[in-house]
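S.K.: After the structure tokens below, expect a handful of questions from me.
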Amino acid sequence: MKPDIDSLNQQTIVDFIGSIFDRRGDEEYLGEPVNMGQHMLQGATLAEQSGQPEEIIVGALLHDIGHFTSEFGTFTMDDTHDRHHEDAGAEVLERFFPSVITDCVRYHVAAKRYLCATRPAYFRQLSEASVHSLNLQGGPMSADEVAAFEKNPNLDQIIAVRYLDDAGKRPDMVTPDFWHFAAMVQRMVDQHHATRAQA
462 MKPDIDSLNQ
472 QTIVDFIGSI
482 FDRRGDEEYL
492 GEPVNMGQHM
502 LQGATLAEQS
512 GQPEEIIVGA
522 LLHDIGHFTS
532 EFGTFTMDDT
542 HDRHHEDAGA
552 EVLERFFPSV
562 ITDCVRYHVA
572 AKRYLCATRP
582 AYFRQLSEAS
592 VHSLNLQGGP
602 MSADEVAAFE
612 KNPNLDQIIA
622 VRYLDDAGKR
632 PDMVTPDFWH
642 FAAMVQRMVD
652 QHHATRAQA
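Quick note: the sequence shown, position 162, residue 623 per the numbering used here, numbers continuous.
As structure tokens, then:
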């Protein structure tokens with residue numbers, strides 16, 4: 462039985478996230494040749510293989526966790542707008558993770574719009590499914606949106622995770638499972654709680 466999201470804490474959140482990967486990782490990643498679990502694990506594995514810092518690895522691992530919104534109980538009959546997966550994921554994770562992680566989750570969709578506006582070659586490498594979702598998400602950013610987005614202090618990390626998001630779509634790639642990264646995820650959680658305790 463799933464725990465109530467409000468009952469999760471520093472000691473239980475990592476196991477809960479791992480259980481999502483175990484139970485639901487094989488769900489379809491719409492329009493792509495990999496499933497949801499493979500997609501996120503590939504991004505994290507590529508980051509680890511290239512020597513990226515742990516915040517990038519964990520950001521890539523969790524960037525699409527909001528696709529599993531039913532795990533988080535975010536929908537109610539009082540909702541007046543769509544629960545975008547990037548926001549749904551970030552809203553849950555921000556209780557447990559540093560802002561750099563939650564920004565990578567919250568803004569990975571915006572990063573695609575940003576890169577399409579600022580780097581013309583980027584658009585040409587998008588998959589067909591990514592182009593389709595780009596159109597649904599508002600298309601390339603306007604100049605004003607670009608200027609606002611560039612003020613985010615975690616911009617470099619967000620962009621790094623976006624590129625890993627795009628790379629994690631290889632049907633023949635073998636990765637470790639979530640539990641390979643669990644200790645690293647826990648370190649990010651512990652770091653966040655230590656920082657909050659000192660504030």
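Each residue gets a CB set at the ideal place from its N, CA and C atoms; glycine is no exception.
For Val-419 versus Phe-610, is the C-beta distance shorter than 9 Å?
M.R.: Residue 419 cannot be examined here, being either before or after the span of the chain that is shown, 462 to 660.
S.K.: Counting beta carbon pairs with one atom in the region 513-527 and one in the region 553-563, are three or more of them shorter than 8 Å?
M.R.: These segments touch.
S.K.: Looking at C-alpha atoms only, which residue of Asp-548, Arg-648, Leu-502 and Ala-644 is the closest neighbour of Gly-486?
M.R.: It is Leu-502.
S.K.: Look at the Cβ atom of Glu-606, then the Cβ atom of Tyr-575, and state whether they are nearer than 9 Å.
M.R.: Cβ atoms of Glu-606 and Tyr-575: closer than 9 Å.
S.K.: Just tell me which of Ala-505, Val-475, Arg-484 and Ile-481 has its CA closest to the CA of Val-622.
M.R.: Nearest C-alpha to Val-622: Ala-505.
S.K.: Could you give the residue range of the alpha helix (DSSP H) that holds Tyr-667?
M.R.: For residue 667 there is no data in the structure shown, the boundaries of the chain being 462 and 660.
S.K.: Beta-carbon separation of Asp-633 and Ser-588 under 9 Å?
M.R.: In this structure, Ser-588 does not lie closer than 9 Å to Asp-633 by Cβ.
S.K.: If the criterion is Cβ atoms closer than 9 Å, does the pair Ala-572 and Ile-517 meet it?
M.R.: No; because the gap between Cβ atoms is not below 9 Å, this pair is not in contact.
S.K.: Please work out which residues of its chain come closer than 7 Å, Cβ to Cβ, to Phe-529, disregarding the five sequence neighbours upstream and downstream, and give them in chain order.
M.R.: Ile-481 and Arg-485, listed in sequence order.
S.K.: Which whole runs of the alpha helix (DSSP H) in the region 482-538 are 4 residues long or more, in chain order?
M.R.: Counting only runs of 4 or more, we get 497-510 and 515-523.
S.K.: To the nearest angstrom, report how far apart Gln-652 and Pro-494 are at their CA atoms.
M.R.: For Gln-652 and Pro-494, the distance between alpha carbons rounds to 35 Å.
S.K.: Could you tell me the boundaries of the alpha helix (DSSP H) in which Glu-555 lies?
M.R.: Segment: none, Glu-555 is in no alpha helix (DSSP H) and carries neither H nor E.
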